[in-house]
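Remarks on the structure that follows.
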Amino acid sequence: MNEIQILVDEALKEIDSAKDSNTLNNIRVKYLGKKGLITSLMKKLKDLPQEERPKFGAMVNEAKDTVTQKINEKLKELSEKEKKQKYEKLAVDISLPGARRDIGHLHILTQIQRELEDIFISMGFEVVEGPEVEDTWHNFDALNTPDWHPARDVQDSFYFTDKILLRTHTSPVQIRTMLQRKPPLAIISPGRVFRRDYDSTHLPMFTQMEVLFVDKNVTIKHLKYTLEEMAKRIFGEGSKVRLRPSFFPFTEPSYEVDVLFGDTWLEILGAGMVDPNVFKNVGYDPNEWSGFAFGLGLERIAMVKFGIKDIRDFIRNDIKFLENY
Ligand code: FA5
Numbered sequence: 003m004n005e006i007q008i009l010v011d012e013a014l015k016e017i018d019s020a021k022d023s024n025t026l027n028n029i030r031v032k033y034l035g036k037k038g039l040i041t042s043l044m045k046k047l048k049d050l051p052q053e054e055r056p057k058f059g060a061m062v063n064e065a066k067d068t069v070t071q072k073i074n075e076k077l078k079e080l081s082e083k084e085k086k087q088k089y090e091k092l093a094v095d096i097s098l099p100g101a102r103r104d105i106g107h108l109h110i111l112t113q114i115q116r117e118l119e120d121i122f123i124s125m126g127f128e129v130v131e132g133p134e135v136e137d138t139w140h141n142f143d144a145l146n147t148p149d150w151h152p153a154r155d156v157q158d159s160f161y162f163t164d165k166i167l168l169r170t171h172t173s174p175v176q177i178r179t180m181l182q183r184k185p186p187l188a189i190i191s192p193g194r195v196f197r198r199d200y201d202s203t204h205l206p207m208f209t210q211m212e213v214l215f216v217d218k219n220v221t222i223k224h225l226k227y228t229l230e231e232m233a234k235r236i237f238g239e240g241s242k243v244r245l246r247p248s249f250f251p252f253t254e255p256s257y258e259v260d261v262l263f264g265d266t267w268l269e270i271l272g273a274g275m276v277d278p279n280v281f282k283n284v285g286y287d288p289n290e291w292s293g294f295a296f297g298l299g300l301e302r303i304a305m306v307k308f309g310i311k312d313i314r315d316f317i318r319n320d321i322k323f324l325e326n327y
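Residue numbers (the working numbering): 3 to 327.
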């Protein structure tokens with residue numbers, strides 16, 4: 003009888019100190035399972051004298067009940083605690099920042115192109131397009147560019163046949179537009195152009211924007227005003243423009259145009275007054291009509307504006323570079 007009490011006391015102590023329902027279950031098996039310590043006491047019944055059996059049986063049953071009840075109480079307590087812990091783990095911390103998806107943006111060249119388009123549209127220019135695959139007549143001859151000109155050399159251009167090539171500049175769009183329309187006109191034409199160039203300031207495929215203005219009595223003053231206005235809007239109020247005498251077969255006189263950036267002059271475009279021969283080639287009377295034209299390198303504009311040293315960065319698709327702009 004004493005043994006029963008000791009067993010019950012031990013069981014209760016173990017139940018009390020159980021930390022989780024698993025441990026509790028092990029305790030249940032240990033005492034109340036088929037071969038459990040309390041269950042096994044019943045087997046001793048047959049060894050006892052007849053008259054002690056009922057009392058012993060009752061005591062074992064009572065022990066069973068006591069331990070079972072205690073286990074159930076503890077189980078309730080532990081499973082409530084475990085449920086709470088589980089929910090705490092599952093709980094969403096609404097103060098945490100959400101998973102954010104990276105958002106892309108326009109390529110730096112597209113941005114520059116749109117900025118320039120906005121500037122010229124606001125001055126009354128219209129955007130037109132021309133083909134990237136050109137014929138030599140539109141790309142060279144009509145632009146008064148004779149056979150001997152180095153730009154016509156296969157070393158400098160990409161030819162499909164003798165007469166078909168990837169355009170080397172956007173100037174053929176001048177020709178296509180003037181052939182289709184009557185003056186006066188004010189157009190710009192951005193697009194890809196191609197040359198056999200490749201170094202830190204030259205790409206084989208780059209972007210130009212052609213600007214053409216045709217009207218009566220157009221002078222260099224109009225050209226210079228337009229360039230200064232453009233430079234002011236792209237590079238800022240204090241920017242300065244310099245015209246340097248140069249040569250293009252399709253303009254006379256011709257200029258290279260530099261902008262002052264910091265304390266250095268940087269060339270960004272070629273410009274000039276439309277050559278009378280070009281007007282003749284498209285059926286405009288050069289005595290009646292005059293005009294200016296220029297062709298900007300968009301990569302160069304972006305390089306000046308953002309201080310980019312290597313033109314090849316534009317096409318490397320390096321996210322770190324692209325994210326800066
Ligand atoms: C021309 O292409 C003339 N069509 C520009 C023009 C138009 C003059 C209308 C007069 C009237 P040029 O070859 O200099 O000119 O090129 C113009 C600009 O394109 C250069 O100032 C430069 O900014 C850019 N450029 C030229 N070659 C490359 C190249 N390989 N990579 C990147 N930019 C270039």
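We put the CB at the ideal spot given by N, CA and C, even for glycine.
Residue range of the unbroken beta strand (DSSP E) whose run includes residue i
{"i": "Gln210", "result": "Met207 to Asp217"}
{"i": "Leu167", "result": "Ile166 to Leu168"}
{"i": "Ala93", "result": "That residue, Ala93, is in no beta strand (DSSP E); it is neither H nor E in DSSP."}
{"i": "Leu39", "result": "No beta strand (DSSP E) contains Leu39, which is instead part of the alpha helix (DSSP H) from Leu39 to Leu43."}
{"i": "Ile190", "result": "Leu187 to Phe196"}
Helix, strand or coil at residue i according to DSSP, with G and I counted as helix
{"i": "Val220", "result": "coil"}
{"i": "Ile310", "result": "coil"}
{"i": "Pro329", "result": "Because the chain in this structure spans residues 3 to 327, residue 329 falls outside the shown range and cannot be described."}
{"i": "Phe160", "result": "coil"}
{"i": "Phe249", "result": "strand"}
{"i": "His140", "result": "helix"}
{"i": "Phe127", "result": "coil"}
{"i": "Arg55", "result": "helix"}
{"i": "Asp22", "result": "coil"}
{"i": "Glu258", "result": "strand"}
{"i": "Ala101", "result": "coil"}
{"i": "Thr112", "result": "helix"}
{"i": "Leu50", "result": "coil"}
{"i": "Asp287", "result": "coil"}
{"i": "Asp67", "result": "helix"}
{"i": "Glu79", "result": "helix"}
{"i": "Thr228", "result": "helix"}
{"i": "Glu325", "result": "helix"}
{"i": "Glu119", "result": "helix"}
{"i": "Glu269", "result": "strand"}
Residue i and residue j closer than 9 Å at C-beta
{"i": "Phe294", "j": "Asp287", "result": "no"}
{"i": "Val94", "j": "Ala13", "result": "no"}
{"i": "Ile259", "j": "Leu214", "result": "Strictly speaking, residue 259 in this sequence is Val, with Ile absent from that position. Result no, Cβ atoms of Val259 and Leu214 do not sit closer than 9 Å."}
{"i": "Leu229", "j": "Leu205", "result": "no"}
{"i": "Lys307", "j": "Ser202", "result": "no"}
{"i": "Ala188", "j": "Val156", "result": "no"}
{"i": "Ala153", "j": "Thr170", "result": "yes"}
{"i": "Ile317", "j": "Gly299", "result": "no"}
{"i": "Glu231", "j": "Met125", "result": "yes"}
{"i": "Ile17", "j": "Lys78", "result": "no"}
{"i": "Gly132", "j": "Pro174", "result": "yes"}
{"i": "Lys218", "j": "Pro186", "result": "yes"}
{"i": "Ser248", "j": "Gly274", "result": "yes"}
{"i": "Ile177", "j": "Val284", "result": "yes"}
{"i": "Leu34", "j": "Lys66", "result": "yes"}
{"i": "Val243", "j": "Ala233", "result": "yes"}
{"i": "Ser159", "j": "Arg197", "result": "yes"}
{"i": "Asp22", "j": "Leu80", "result": "yes"}
{"i": "Ala181", "j": "Asp137", "result": "Before going on, a small fix: residue 181 reads as Leu here, not Ala. For Leu181 and Asp137, no; Cβs fall outside 9 Å."}
{"i": "Phe296", "j": "Gly272", "result": "yes"}
{"i": "Ile96", "j": "Ala304", "result": "no"}
{"i": "Met61", "j": "Ile6", "result": "yes"}
{"i": "His151", "j": "Pro278", "result": "no"}
Terminal residues of the alpha helix (DSSP H) in which residue i lies
{"i": "Asp18", "result": "Asn4 to Ser19"}
{"i": "Ser292", "result": "Careful: Ser292 lies outside any alpha helix (DSSP H), inside the beta strand (DSSP E) at Ser292 to Gly299."}
{"i": "Val175", "result": "Pro174 to Gln182"}
{"i": "Pro152", "result": "That residue, Pro152, is in no alpha helix (DSSP H); it is neither H nor E in DSSP."}
{"i": "Phe316", "result": "No alpha helix (DSSP H) contains Phe316, which DSSP labels as neither H nor E."}
Closer than 9 Å to chain D by CB, residue i
{"i": "Gly106", "result": "Annotation note: the requested chain D is absent from the structure, which comprises a single protein chain."}
Evaluate contact between the stretch 91-108 and the stretch 161-174, counting only Cβ atoms and requiring at least three cross-stretch pairs below 8 Å. no
Would the stretch 109-126 count as touching the stretch 139-156 if we require 3 or more Cβ pairs under 8 Å? no
Per the contact definition of three or more C-beta pairs closer than 8 Å, is the stretch 33-48 in contact with the stretch 76-86? no
The stretch 206-220 / the stretch 189-197 touching (three or more Cβ pairs under 8 Å): yes
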